[in-house]
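For the sequence shown, my numbering gives the first residue as 746, with consecutive numbering after it.
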Amino acid sequence: MDLIPAPLSVIRPETPGAYALDTGTGLTAAPELAPVAAWLRTVLGAATGLPFPAAPGGIELRLDTAAAPEAYRLAVGPDGVLLSASTTAGAFAGAQTLRQLLGADAFRTAPLRRTGWELPYAEIEDAPRFGWRGVLLDVSRHFMPKAGVFRFIDLMAAHKLNVLHFHLTDDQGWRIEVKRYPRLTEVASWRERSMVGFRAADRRDDRPHGGFYTQDDLREIVAYADARQITVVPEIDLPGHSQAAVTAYPELGNTDVVDTAALGVWTDWGVSDNVLNVSEATLRFFEGVLEEVLEIFPSQFVHLGGDECSKAQWRESEAAQARIRELGLKDEDELQSHFIRHFDTWLAERGRRLIGWDEILEGGLADGAAVSSWRGFEAGIEAARAGHDVVMCPETHVYLDHRQGAGEEEPIPVGFVRTLEDVYRFEPVPAELDEAAAAHVLGTQANIWTEFMDDARDVDFRAFPRLAAFSEVAWSALPAPAERDWEGFERRMAAHYARLDALGVEYRPPGGPHPWQKRPGVLGRPLDGPKDS
């Protein structure tokens, strides 16, 4: 049946058959599942031109309180279609499977001149392996307008992914309106130009780049995602990756070692030395930022970065050194830990949880904090063994900005080579973890950093088809990596490419980049310089 991600169980009858849809096919739902019925009526109505009236006889969404939270059962037979689940999340996952069963044309936004919409007879039982099936979308390095974010959320939902890690701030741009600090969007949301290519610091496009989301934009994004069973986890990166914020409010920086008033929003890629100072005033400033963040985003977790924080200015700053002495800390690592612990406590007092990149382990991890393990598996293993929750997202496996093939024809051939098969064979739970520690692996996440993706077309090319393989890793009960049915997945992907085509996804073709992409300079491919990180 060529379903992606693969369900737990599919039983086909000995005598094949199909249930035909027509203008009289009804769509009904238990009151608790009405939002899913509304979504299904909208997307299937758009693709098929059928009305799906709220009348019996056809497709029924039934409440099954005994089912696991995201589990569903989908039965298609001569008498119609029954989709049962205990929650809207489970029913929505089942609705996505139903849509796949109708074929690629069910993913179009307007009907073709065709008839014969049929669902094959089958009984499908399904449930996800992980509760956290995430994708990081970096809109700081290159801003993605709101319509593009909606489209990306729809693509996530089509693959049963349920956490959008929204990377909203960095050295190169601040993307969230904060009403009490207007210069964060007036100043920090725009940079004068951008680097072009990989490690080619002398090449710039000389176009101003920027943009930001108003608070109402973000509320709209949260609501749109929620209707598709996706939680938006905001990231406000601190105390490093903060040059844009320091540019807007120079007093946030280490003013005794650098002229922060002369800074601009950073136009390089990489890690800036211009980090926050750790004064009480800076803590109050970001408490104010986070008060507005919490009002917009209802997610349990708030991501505070904590990664790649240069300690160079703190080592030179007498104010920072005095702060270390005042707090009785050992060194700059413990100073960063103090910063993170402060906000861990602050968030906990408000019923939220801090999650950060694995550098927050350095200098001592706050008790309630969770870890995004990106520098391989080691930090995630350490955190899980210590009783901390972990999201596995190692750069070596699931950074989708990294190149998809070894050839020089890859656009901007940055990072590790990670093919579609490599992603399909990724295993989020390290074998070293015993059962108790493994229970702390909340799930897994693919990360899309956009230094080299200046629009949605580039994001499509980097993310797909690898995000389809990742969705199966995150959802399905797969065997050990070496035992996975790669050939079977390739066969199912042959059908899935047609779905991506119908959705308008400009994925990397399975045979490699198109011939026109092999020309030097196309899609920002560097003309010279290093080809690897």
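Note that CB positions come from ideal geometry on N, CA and C, so glycine has one too. Since the model is a prediction, treat every value here as computed from it, not as a measurement.
When you compare each of the options to residue i by their alpha carbons, which one comes out closest?
i	options	result
Arg1029	Ala799, His1087, Thr959	His1087
Gln845	Ala834, Leu827, Ala836, Leu864	Leu864
Glu1123	Trp1231, Leu1008, Val1136, Ala1057	Val1136
Gly762	Trp919, Val821, Pro995	Val821
Asp1203	Glu1232, Pro1156, His1185, His1241	Pro1156
Ile1041	Asn1192, Gly1256, Lys924, Thr1189	Lys924
Arg858	Ala791, Leu1099, Val1168, Tyr994	Ala791
Ala836	Glu777, Asp850, Ala855, Val1116	Glu777
Gln1250	Pro984, Arg853, Ala1176	Reading the sequence as shown, one finds Val at residue 1250 and not Gln. If we check each option's Cα against that of Val1250, Arg853 comes out closest.
Leu1021	Leu1035, Gln1081, Gly1009	Gln1081
Thr770	Glu805, Ala751, Pro750, Ala783	Glu805
Met746	Glu931, Ala849, Glu1177	Ala849
Thr959	Glu1037, Ala1247, Asp1013	Glu1037
Arg1232	Leu1165, Pro1175, Ala1181	The identity of residue 1232 in the sequence shown is Glu, whereas the question assumes Arg. It is Leu1165 whose Cα lies nearest to the Cα of Glu1232.
Gly893	Glu1228, Asp1199, Gly1152, Ala1222	Asp1199
Glu1104	Val880, Glu1077, His1241, Tyr969	Glu1077
Gln841	Leu882, Thr787, Val880	Thr787
Arg896	Gly1256, Leu1245, His1133	Leu1245
From residue i to residue j, what does the alpha carbon distance come to, in whole angstroms?
i	j	result
Arg936	Asp915	12 Å
Arg1170	Phe1234	11 Å
Asp1051	Pro1043	Looking at the sequence provided, one finds Gly at residue 1051 rather than Asp. Each residue's alpha carbon lies about 21 Å from the other.
Phe957	Val781	31 Å
Tyr764	Gly825	6 Å
Asn907	Gly839	14 Å
Ala1057	Phe1046	30 Å
Pro873	Glu1061	50 Å
His887	Tyr1252	19 Å
Gly1266	Gly942	Unreliable positioning characterises Gly1266 in this predicted model, as indicated by a pLDDT of 45, which lies under 50. A coordinate reading is not provided.
Thr1090	Leu785	41 Å
Arg1237	Leu748	7 Å
Glu1079	Ala1065	12 Å
Glu759	Glu1154	48 Å
Leu847	Ala812	25 Å
Lys1276	Pro1226	Reliability of the predicted coordinates at Lys1276 is poor, the pLDDT of 33 falling under 50, and the value obtained from them is presented with this limitation in mind. One C-alpha to the other measures close to 28 Å.
Val755	Asp871	9 Å
Ala867	Pro752	12 Å
Thr832	Arg757	26 Å
Arg1097	Arg1070	30 Å
Ala993	Val932	6 Å
Pro801	Ala851	22 Å
Consult DSSP for residue i and reduce its assignment to one of helix, strand or coil.
i	result
Met901	helix
Thr976	strand
Ile869	strand
Gly1050	strand
Leu1080	helix
Asp1299	Any question about residue 1299 goes unanswered here, given that the chain covers just 746 to 1278.
Gln1149	coil
Gln1058	helix
Glu1290	Outside the displayed span of the chain (746 to 1278) sits residue 1290, for which this structure offers no information.
Ser934	coil
Leu1035	helix
Gln917	coil
Val1020	coil
Tyr1252	coil
Gln960	helix
Trp862	coil
Gln988	helix
Trp1014	coil
Ala830	strand
Thr1195	coil
Ser1221	coil
Gln1066	helix
Tyr969	helix
Ala1213	helix
Drop a sphere of 10 angstroms on the beta-carbon of residue i, count the other beta-carbons inside from all chains shown, and report buried for 16 or more, exposed for fewer.
i	result
Asp998	Reading off the sequence shown, one finds Gly at residue 998, where the question assumed Asp. Flag for Gly998 reads buried.
Arg878	buried
Gln988	buried
Gly803	buried
Ala1026	exposed
Ala1219	buried
Ala774	buried
Ala1184	exposed
Leu1212	buried
Would a check of beta-carbon distances place residue i closer than 8 Å to chain D?
i	result
Met889	The structure shown has no chain D; it contains just one protein chain.
Please tell me whether, using a cut-off of 7 Å, the distance from the CB of residue i to the nearest non-hydrogen atom of the ligand PLP is below it.
i	result
Ile1100	Here there are no bound small molecules, and the ligand PLP is not part of this structure.
Does the pairing of the region 811 to 827 with the region 1195 to 1209 give three or more beta-carbon distances under 8 Å? Cβ pair count under 8 Å is below three, so no.
Using 8 Å as the cut-off, can you tell me whether the region 1157 to 1165 makes contact with the region 896 to 911, which would need three or more C-beta pairs spanning the two stretches below that distance? Short answer: they don't touch.
Any contact of the region 810 to 821 with the region 779 to 797, i.e. 3+ C-beta pairs under 8 Å? Touching, no.
Measuring CB atoms only, is the region 1190 to 1200 touching the region 1136 to 1150, in the sense that at least three cross pairs come out at less than 8 Å? They touch, by the three-pair rule.
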